[in-house]
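Heads up, the thing below is written out as structure tokens.
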């Protein structure tokens, strides 16, 4: 494990963060338009989230699992931008190719989030320590996306499932994004949290009823509290900045995922509602003999 003594002296903010309770057994995230509900049992823990802008070196995908970049978008219609084949998707492809060096980037879709009033196309911030895929889910998603969009492609030897995240509201935001240094997370951490898409969130026993084929459904990774986790955030992000976050890199010889979560920044009484866009996709590296 990395010695973080020097980095721990970097100032930041104190906040609370939700982690899964070890006794939680049936972990699902029900997703309905404008609403999300976790069946898992979580508890809040105090954490110190360091100011990433004061770090002694830039954050990199292969060392930390995430990086910050500049990107001025031409998009003005953000609802339309969420489509997998939108003009913004084309921008995402170019940004991710540049930051990863991938041969091919295939987009999935975007998601608008807000800390204010949600709606059919607006989801609340995801406010627990998580990674959007388990390693198994990520591999299946990468295979499925490639087969659907590149049926005659040369094949790939490495894939990165990612999110490109950007704020749409002016700084400071009331619920910024915190990211965990990959080096502070143990290889075997993470518990599956199945994503269940529904029209309406079920209630009572229906939340825990058997779901046929659940073991093959897409699942996120959620985490128990670990005081060794080292959290960072970029205060005062503007809409010309983006964060590229690894959900899973099939090459585990480098940083292959980054835990992240929204957190309530109570240190800024002037903070405003956060509006943001996250766009998912997969970056592929062609087989060398292709």
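In our numbering, the protein residues as written are 1167 to 1456. Glycine included, each C-beta is placed from N, C-alpha and C at the ideal position.
Residue i vs residue j beta-carbon contact at 9 Å
| i | j | result |
| --- | --- | --- |
| residue 1194 | residue 1360 | yes |
| residue 1411 | residue 1296 | no |
| residue 1339 | residue 1223 | no |
| residue 1351 | residue 1414 | no |
| residue 1442 | residue 1343 | yes |
| residue 1372 | residue 1300 | no |
| residue 1201 | residue 1280 | no |
| residue 1276 | residue 1255 | yes |
Residue nearest to residue i in terms of C-alpha spacing, selected from the options
| i | options | result |
| --- | --- | --- |
| residue 1219 | 1449, 1441, 1399 | 1399 |
| residue 1470 | 1291, 1377, 1325, 1319 | Absent from the model: residue 1470. The displayed extent of the chain is 1167 to 1456, so no value can be given. |
| residue 1179 | 1371, 1377, 1341 | 1341 |
| residue 1253 | 1264, 1379, 1241, 1262 | 1241 |
| residue 1383 | 1272, 1257, 1370, 1363 | 1363 |
| residue 1321 | 1309, 1263, 1302, 1327 | 1309 |
| residue 1293 | 1369, 1425, 1257, 1454 | 1425 |
| residue 1272 | 1313, 1299, 1236 | 1313 |
| residue 1319 | 1168, 1419, 1455 | 1455 |
| residue 1419 | 1183, 1181, 1229 | 1229 |
| residue 1181 | 1172, 1214, 1170, 1437 | 1214 |
| residue 1444 | 1264, 1206, 1290, 1263 | 1290 |
| residue 1302 | 1284, 1416, 1435 | 1416 |
| residue 1227 | 1265, 1205, 1258 | 1265 |
| residue 1169 | 1349, 1376, 1212, 1374 | 1349 |
| residue 1401 | 1238, 1347, 1329, 1234 | 1234 |
| residue 1328 | 1262, 1347, 1378 | 1262 |
| residue 1422 | 1376, 1317, 1355 | 1355 |
| residue 1183 | 1436, 1393, 1435 | 1393 |
| residue 1174 | 1369, 1347, 1378 | 1347 |
| residue 1381 | 1357, 1370, 1369, 1403 | 1357 |
| residue 1207 | 1374, 1435, 1403, 1379 | 1374 |
| residue 1244 | 1267, 1278, 1225, 1237 | 1278 |
Cut-off 7 Å between Cβ atoms - residues of its own chain near residue i, not counting five sequence neighbours on either side
| i | result |
| --- | --- |
| residue 1199 | 1286 |
| residue 1269 | 1450, 1451, 1452 |
| residue 1176 | 1216, 1217, 1220, 1221 |
| residue 1274 | 1250, 1311, 1446, 1447 |
| residue 1390 | 1185, 1186, 1188 |
| residue 1259 | 1271, 1273 |
| residue 1365 | 1198 |
| residue 1282 | 1439 |
| residue 1370 | none |
| residue 1212 | 1180, 1182 |
| residue 1298 | 1329, 1386, 1413 |
Cβ-heavy atom distance, residue i to the ligand MN, below 8 Å
| i | result |
| --- | --- |
| residue 1271 | By its list of ligands, the structure shown contains no ligand whatsoever, and the ligand MN lies outside what it can speak to. |
Spatial neighbours of residue i in its chain, beta-carbon cut-off 6 Å, leaving aside the 5 residues before and after
| i | result |
| --- | --- |
| residue 1203 | 1196, 1367 |
| residue 1345 | 1232, 1398, 1424, 1426 |
| residue 1315 | 1272 |
| residue 1434 | 1338 |
| residue 1353 | none |
Cut-off 8 Å between Cβ atoms - residues of its own chain near residue i, not counting five sequence neighbours on either side
| i | result |
| --- | --- |
| residue 1171 | none |
| residue 1437 | 1338, 1339, 1340, 1431 |
| residue 1257 | 1237, 1239, 1240, 1241 |
| residue 1128 | Residue coverage of the chain in this structure runs from 1167 to 1456, which leaves residue 1128 outside it and unanswerable. |
Below-9 Å beta-carbon distance, residue i vs any chain D residue
| i | result |
| --- | --- |
| residue 1452 | Structure shown: chain D not included; a single protein chain is present. |
Legend entry - beta strand (DSSP E) runs wholly inside the stretch 1182-1250, at least 3 long, in chain order: 1194-1198, 1201-1204, 1208-1217, 1232-1236
Legend entry - Validate contact between the stretch 1422-1439 and the stretch 1246-1255 using beta carbons, cut 8 Å, 3 pairs: no
Inset, instruction - Spell out a yes or no on whether the stretch 1406-1421 and the stretch 1328-1346 are touching, meaning 3 or more CB-CB pairs, one atom from each, closer than 8 Å. - result: yes
Legend entry - In chain order, each alpha helix (DSSP H) run of at least 4 residues that lies wholly inside the stretch 1299-1345: 1301-1315
Legend entry - Ordered list of alpha helix (DSSP H) runs contained in the stretch 1339-1424, each at least 4 residues: none
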